[in-house]
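Undergrad: Protein sequence lines correspond, in order, to chains A and B. Start counting the first sequence at 233; every next residue gets the next number (the numbering used here). Start counting the second sequence at 1037; every next residue gets the next number (the numbering used here).
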Amino acid sequence: LPLKFDWRDKHVVTPVRNQQACGGCWAFSVVGAVESAWAIKGQPLEDLSVQQMIDCSFNNDGCSGGSTLNALLWMNQTRVKLVYDSDYPFKARSGLCRYFSTSRPGFSIRNFAAFDYSDKEDEMAKMLVTFGPLVAIVDAVSWQDYMGGIIQHHCSRGEANHAVVITGFDKTGSIPYWIVRNSWGRSWGVDGYAHVKMGSNICGIADTVSTIFV
Amino acid sequence: RPSAALPRTWQRNPEREAAAFRESLSRQRYLNSFFSVENSSAFYGINQFSYLYPEEFKAIYLRSRSSRFPRHPAEVQMSLLNVS
């Protein structure tokens, strides 16, 4: 594994978005990972519709909350194609599901893998480098005040409540860390990203991790 | 405004936001008082969420439900070796 790796350097990660007052982090994270997976496969990098997932993933509760696992199960079972964000823009509230013709351009997934990588963060890094950005769920209570630096304290595990995308890692310094894309706008954290210490399952970052295959 | 998504019981007003802001400042001081000697350690400060109490922040933004995932198995580690 390289000491430093970030899918942003390959230009396959869309800009950080802002979920506003919608509790749809679960959708932002899954859609973000699908965008990257398709870009890694050679498709142009495009913003895909988070609103479509919020409205149409029937096994979740839209802006009132959801689970990344249910979102991925929905994508996998229905073979739904996510349309472009411009075709189904984000409204920051749940709405009625809009359906599109099957001939409309869209992006589905082939499969996904969901594992607990606690004590195996090196394996998690391998998955990231091999397949693309990872969907993870973390305990983000202390992230309310986060401004920058590497999160290594004040973060419990076992209380996962927020979905994010892990785009890379950096092991070149004294504290190795994961590079984590959030959905609270670019003004939060480090240009919308958080840095979380690797190797100690800080914030439960390795407990519930999904890899997407397209 | 994030507070628009809050339950009715948490209706916002300037006094409540000011009190939440003061509590945020105090909490940030506390968080920054540990480990400040470590150069790379996280630091905490005022941002767009400072006008919210932690329970409000959690109610609006931390809405992901967690599931228990299986432990990553050794055989998957082996199969990855064959991935180009």
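We put the CB at the ideal spot given by N, CA and C, even for glycine.
Look at the Cβ atom of A/V370, then the Cβ atom of A/G436, and state whether they are nearer than 7 angstroms.
TA: Contact: yes.
Undergrad: Could you pull the start and end residues of the alpha helix (DSSP H) that A/M285 belongs to?
TA: Run containing A/M285: 282-288, per the alpha helix (DSSP H) assignment.
Undergrad: To the nearest angstrom, report how far apart B/N1068 and B/Y1097 are at their CA atoms.
TA: Each residue's alpha carbon lies about 23 angstroms from the other.
Undergrad: Going by beta-carbon coordinates alone, are A/G298 and A/S326 separated by less than 7 angstroms?
TA: No.
Undergrad: With DSSP as the reference, label A/W410 as helix, strand or coil.
TA: Of the three classes helix, strand and coil, the one that applies to A/W410 here is strand, per DSSP.
Undergrad: Does B/L1098 get closer than 7 angstroms to chain A when you measure Cβ to Cβ?
TA: Yes, contact with chain A.
Undergrad: From A/N250 to B/P1106, what distance separates their C-alpha atoms?
TA: Straight-line Cα distance between these residues: approximately 31 angstroms.
Undergrad: Quick check: is the beta carbon of A/T443 nearer than 7 angstroms to any beta carbon in chain B?
TA: No, because no Cβ of chain B sits closer than 7 angstroms to the Cβ of A/T443.
Undergrad: To which residues of the same chain is B/A1056 closer than 6 angstroms at the C-beta, ignoring the five residues directly before and after it?
TA: Excluding residues within five positions, the ones whose Cβ falls inside 6 angstroms are Y1087, L1088, Y1089.
Undergrad: For the putative contact between A/M430 and A/Y409, defined by C-beta atoms under 8 angstroms, what is the C-beta separation to the nearest angstrom?
TA: So it is a contact: roughly 6 angstroms between Cβ atoms.
Undergrad: Please list the residues of the segment 1051-1071 of chain B that have a C-beta atom closer than 7 angstroms to any C-beta atom in chain A, keeping them in chain order.
TA: Going along the segment 1051-1071 of chain B in chain order, one finds S1060, R1063, Q1064, L1067, F1070, F1071 with a Cβ nearer than 7 angstroms to chain A.
Undergrad: Among A/L304, A/L328, A/S281, which has the Cα closest to the Cα of A/D287?
TA: Taking only the C-alpha atoms, the option nearest A/D287 is A/L328.
Undergrad: Can you pull the chain B residues whose beta carbon is under 7 angstroms from the beta carbon of A/G255, in chain order?
TA: Those within 7 angstroms of A/G255 in chain B are I1096, Y1097, R1099.
Undergrad: Is it the case that the segment 271-285 of chain A contacts the segment 346-358 of chain A, given that we only count it when at least three CB pairs across the two stretches are under 8 angstroms?
TA: No, the segment 346-358 of chain A is not in contact with the segment 271-285 of chain A.
Undergrad: Which residues in chain A sit within 7 angstroms of B/Y1080, going by Cβ to Cβ distance?
TA: Here the neighbours are D377, Y378, M379.
Undergrad: Provide the residue span of the alpha helix (DSSP H) that contains A/Y320, from first to last.
TA: Note, A/Y320: premise wrong, no alpha helix (DSSP H); not H, not E.
Undergrad: May I ask which residues mark the beginning and end of the beta strand (DSSP E) holding A/K236?
TA: Residues 236-238.
Undergrad: So, at 7 angstroms on beta carbons, what are the nonlocal neighbours of B/Y1080 in its own chain, with the 5 sequence-adjacent residues on each side left out?
TA: The residues are Q1064, L1067, N1068.
Undergrad: Report the residue from A/T362, A/H243, A/G364, A/A346 whose alpha carbon sits nearest the alpha carbon of B/S1103.
TA: That would be A/A346, whose Cα lies nearest to the Cα of B/S1103.
Undergrad: Please tell me whether A/W258 has its Cβ less than 7 angstroms away from any Cβ of chain B.
TA: Closer than 7 angstroms: yes.
Undergrad: State the DSSP-derived secondary structure class of B/F1070, mapped to helix, strand or coil.
TA: The answer is coil: DSSP assigns B/F1070 none of H, G, I, E or B.
Undergrad: Would you mind telling me which residues of chain B sit closer than 9 angstroms to A/N433, beta carbon to beta carbon, in chain order?
TA: Under the 9 angstroms cutoff, chain B gives no residues; its nearest Cβ is about 13 angstroms from A/N433.
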